[in-house]
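In the numbering used here, the protein residues as written are 57 to 359.
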């Protein structure tokens, strides 16, 4: 009866000129990706190896076998393998019958794993409790055991550009620069160009709430915006003139504020709604047309 080795076993003393063992595999994988590792034994000259035993260890929080059991070398057909435990596999195998020891490069194990969680530092695969034996039952010296470290990285979030255009109510201004776009909850902002165009670049796919704001105008908010392509282009919106105080409603307070500014230099001021450099009755007309309107009553239907 073949029995699994005990849980604890002294580690081999490494000796120059002996066999080497190495775990090979990729240096980096992405969460969800499957990858293959191999345990390679190199014994370039006699005496050769007739049997081997080792414990393969891995971090089960980061990776897990995607195949139920490994593929073991057919050169060692007499196999004793304990039950696979969490993050560990014990293998003991031998050649069978009156056959010679083996030398050269031997692939003892091939196994497919899946990356399940990203790690801050590379996750190790290593070998412990290693024993190599010759045909006469004596141990084979081991010169080196080389582990494998694999960096597990998170799946890259799809990203793209979010573009659109913001216009202002009233006579077409010479310059539409300066309307601010804010992605609520994310804190990302951008401003419009001279033609009213805007763009958020390298933005994660997802659902967003986007608000356009400009002094003197009602803000416009688009909720449930679905950004899911390389370039998501939104429907344009025209901001209504007259919210001088920026409280989301055009009312007597705004009219009073604009009245106080009439006759003054309105360059850059919220009261200069038509951007002609002067606050006068033309600005008051724009406000009066929208008197009683609110941002809540005029959402931005952007898609």
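Glycine residues also receive a C-beta, built at the ideal position from the N, C-alpha and C atoms.
Computed from a prediction, not measured in an experiment: that's the story for all the values here.
Residue from the options whose Cα sits closest to the Cα of residue i
i	options	result
residue 359	272, 219, 352	219
residue 192	118, 102, 140, 206	102
residue 215	315, 314, 286, 311	286
residue 295	124, 280, 329	329
residue 185	352, 201, 167, 123	201
residue 311	292, 281, 348	348
residue 78	190, 183, 255	183
residue 37	166, 150, 111, 121	The structure shown does not extend to residue 37, since the chain is modelled only from 57 through 359, so no value can be given for it.
residue 195	106, 350, 289	106
Helix, strand or coil at residue i [DSSP, three-state]
i	result
residue 93	strand
residue 316	helix
residue 357	coil
residue 339	helix
residue 352	coil
residue 140	coil
residue 239	strand
residue 230	coil
residue 310	helix
residue 276	strand
residue 255	strand
residue 147	strand
residue 87	coil
residue 155	coil
residue 118	coil
residue 250	coil
residue 75	strand
Exposure of residue i, with buried meaning 16 or more beta-carbon neighbours within 10 Å
i	result
residue 323	Low local confidence applies: a pLDDT of 46 at residue 323 is under 50, so the model's placement there is unreliable, with the coordinate-based value given in what follows. Looking at its Cβ environment, which holds fewer than 16 other Cβ atoms inside 10 Å, residue 323 is exposed.
residue 224	buried
residue 335	buried
residue 353	exposed
residue 333	exposed
residue 274	buried
residue 134	exposed
residue 126	buried
residue 251	exposed
residue 95	buried
Whole-number beta carbon distance between residue j and residue i, since they are thought to touch under 8 Å
i	j	result
residue 97	residue 164	5 Å
residue 309	residue 326	In fact, because the Cβ distance is near 12 Å, the residues do not count as touching under 8 Å.
residue 178	residue 207	5 Å
residue 99	residue 160	7 Å
residue 109	residue 155	So it is not a contact: roughly 19 Å between Cβ atoms.
residue 236	residue 245	6 Å
For the stretch 169-199, list the beta strand (DSSP E) runs that are entirely contained and at least 3 residues long, ordered along the chain.
179-189
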